[in-house]
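Numbering (our numbering), first residue to last: 38 to 571.
Glycine residues also receive a C-beta, built at the ideal position from the N, C-alpha and C atoms.
Below you'll find the structure, written out as structure tokens, and then a few comments.
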Amino acid sequence: MKPMFRALAAFGVALAGLAQAQTGGSSPRQVDDELLREGSRTGEEWISYGVNWFEQRYSPLSQINASNVNRLGLAWSYDIPLAPGNPQAHQEATPLVFNGVLYSIGPWSVVYAVDVRTGKEIWHQDPDVNQQVWQSRICCGVVNRGIALYHGEVIAPVVDGRLRAYDAATGKVLWETRVSPATQAYTITMAPRVIKGGRVIIGVSGGEYGIRGFFSAYDVQSGKLLWRFYTVPGDPSKPFEHPDLEAAAKTWSGEWYKMGGGAAVWNGMAYDPDSDIVYVGTGQPGPWTEVSRGAGDNLYANCIVAVRGATGKLVWYYQEVPGDDWDYDSIADLMLADLTIDGRSRRVVMHAPKDGFFYVLDSITGELISADPFTKVNWATGIDRKTGRPVVNPVARYGTTAVRVMPGPAGGHVWAPWSYNPLTGLVYIPGTSGTTYSYQANPNYAPLPTEIGPTGRGQMNMGTAFGGGGGRGGAGRGNAGAGALPPAVAAATPNGAPPSNAPEAAPVVVPSEGTNAGPSNLPTIGPDGPTGNV
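Shown next, in the form of structure tokens:
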């Protein structure tokens, strides 16, 4: 696994070296609201997870191109220790580069600051996670996907449910707060975002373990909790934490609140500073299948949720997969862009999640503008433009007899960062195509306790057997040969060159399927031509 981080480090050095050459030794400044708004306009730094609040991951730098990329070589490497004997320890973080320093986070939430010229370590901080306890509570890898910079602080998630702030220059711990209770199988794997006014937004992982999803805002200077938005309603016999949960409770059935409900918030976010709206993607309901959890749409699972940054109050929501049976989290990265549609400029939210459809919505109202498949899909025949709901293939609603569905739980597109080039109007998606999974409800499912104590072992609470497509089975493997569904919809745009007369209404989607992808599928597509070929 070490070469993976070496590649990440070299990638950071290449960008930083170009930045230093351009700036000519300009005086250091702190990451603030103005810089986060401008983001990568000059390409001088990579200052946040998605480079700016719109999360477009676009850099205008063009020095590396088809004529000289063959001369690009390794400047230095820096080894991040992985968890000994742990095959699920991965390096998935997007490193940040600012003021000549590369900041990153590794397995078990260890944070590193490295000189971009020499690769020499400036400082590192280990939050001392109890690995023996938390090993069993982590679904899909001992990972963190990134950190945040703001006003001289490095804001870092800790996989055991804490949030920390370090002094960017020295690594000194400035504050620490607990986001999720240590007595349940919550974890934190996402990168925090800092929005206008120094509010840190962070969500939780653990949807397979009987948790109740939420995301929160904290004061960047003190770590004080400012507000919290629950994505699943709690016990309806008790007061709801916010009014929108009362309406959401009507979309659940049975005793969902005893199972947690899922809807974790573990990856995708974007922010519009003009409207002060935070856009958040939510995970699947838990357990996975309605056979185990009860029928209903299960709000606010599988949603894009738009809330006011100052208060956390709901502005609008759009549910991509009501009553999800297939682990189609809506947690892939979200992205904002200004597009010309029907002759007028509209600010939109773009999303290419696990379910295989590429969504474009109005950022202010949540109105669905378009939704088309970007990979092979058979769980639905399309998205009804009037209702915004998927037209679900009835056979895909599995019971105790297995059916094969595409995409599988790996998508589509999961967490791997994508990017948008405003000059070409193209979106680049590190996606997959044609993976088929078998799903089968567990007839013997029984809910597991959500409270496991400070040292309790986490146990998956999915109620479904699944397998195929190279993925791990859960609660026993399903019968991959049974109940096959025919592909109902083909990919909207095949691999290769997009049409030269692409309409302005929405970006052309180019699924990369790993092609031209960097470490852990970080897009590294070059600037040459409309297809991004290097």
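Comparing C-alpha distances from W303 to each of V151, M372, G240, Y294 shows the shortest one belongs to G240. Comparing C-alpha distances from N339 to each of V352, S329, W363, D272 shows the shortest one belongs to W363. Contact annotation: the segment 283 to 297 does not touch the segment 427 to 436, with fewer than three C-beta pairs closer than 8 Å. The Cβ neighbour count for N498, taken over all protein chains shown within 10 Å, is at least 16; the residue is labelled buried.
With a cutoff of 8 Å on beta-carbon distance, V195 and I225 are scored as near each other. F252 and K157 have their alpha carbons spaced roughly 36 Å apart.
Within the segment 315 to 366, the complete beta strand (DSSP E) segments at least 3 residues long are 340 to 345, 351 to 356, listed from N- to C-terminus. Annotation note: the segment 200 to 232 contains the following uninterrupted beta strand (DSSP E) runs of length 3 or greater, listed N- to C-terminal: 210 to 215, 230 to 232. Every unbroken stretch of the beta strand (DSSP E) spanning 3 or more residues and falling wholly within the segment 421 to 483 is given here in chain order: 427 to 429, 440 to 442, 456 to 458, 463 to 466, 474 to 478. V106 carries a helical assignment under DSSP once its states are collapsed to helix, strand and coil. For a cut-off of 8 Å, the C-beta gap from G137 to V153 is around 5 Å, short enough to register as a contact. Here L200 is not near I84, since their CB atoms are 8 Å or more apart.
Going by beta carbons, G198 and S173 fall outside the 8 Å limit. In the structure shown, the three-state DSSP call for D281 is helix. Here Y115 carries a coil assignment [DSSP, helix/strand/coil]. Remark: C-beta atoms of R230 and Y140 do not approach each other more closely than 8 Å.
Cβ neighbours of V170 within its own chain (closer than 7 Å, five residues either side excluded): T492.
Scanning Y482, I232, E278 for the CA closest to the CA of R265 turns up E278. Residue pairing by DSSP places M372 opposite M387 in a beta bridge.
Between the alpha carbons of W353 and R383 lies a distance of about 17 Å.
For V138, the enclosing beta strand (DSSP E) stretches over residues 138 to 142. For the options H450, R434, L460, the alpha carbon positioned closest to that of Y396 is the one of H450. Counting C-beta pairs closer than 8 Å gives three or more between the segment 367 to 387 and the segment 306 to 316, which meets the contact rule. Separation of the CB atoms of R74 and P310 is rounded to 6 Å, and the pair is thereby assigned contact status at 8 Å. Spanning the alpha carbons of G462 and S96 requires a straight line of approximately 14 Å. V148 places its beta carbon 8 Å or farther from that of I101. Straight across, the Cα-Cα distance linking A483 with A301 is about 21 Å. When the Cα atoms are used, W325 and Q67 turn out to be separated by approximately 44 Å. Judged by DSSP in its simplified three-state form, V170 adopts helix. A buried status is given to K391, since no fewer than 16 other beta-carbon atoms sit within 10 Å of its beta-carbon. Selection G323, G403, A343, A254 evaluated against Y365 yields G323 as nearest (Cα-Cα).
As summarised for the segment 237 to 314, the continuous beta strand (DSSP E) elements at least 3 residues long and confined to that stretch are 251 to 256, 262 to 267, 306 to 309, given in chain order. Distance from the CA atom of E213 to the CA atom of Y255, rounded to whole angstroms, is 11 Å.
Within 10 angstroms of the beta-carbon of N335 lie 16 or more other beta-carbons, which makes it buried. Straight-line measurement puts the Cα of P132 at about 30 Å from the Cα of G495.
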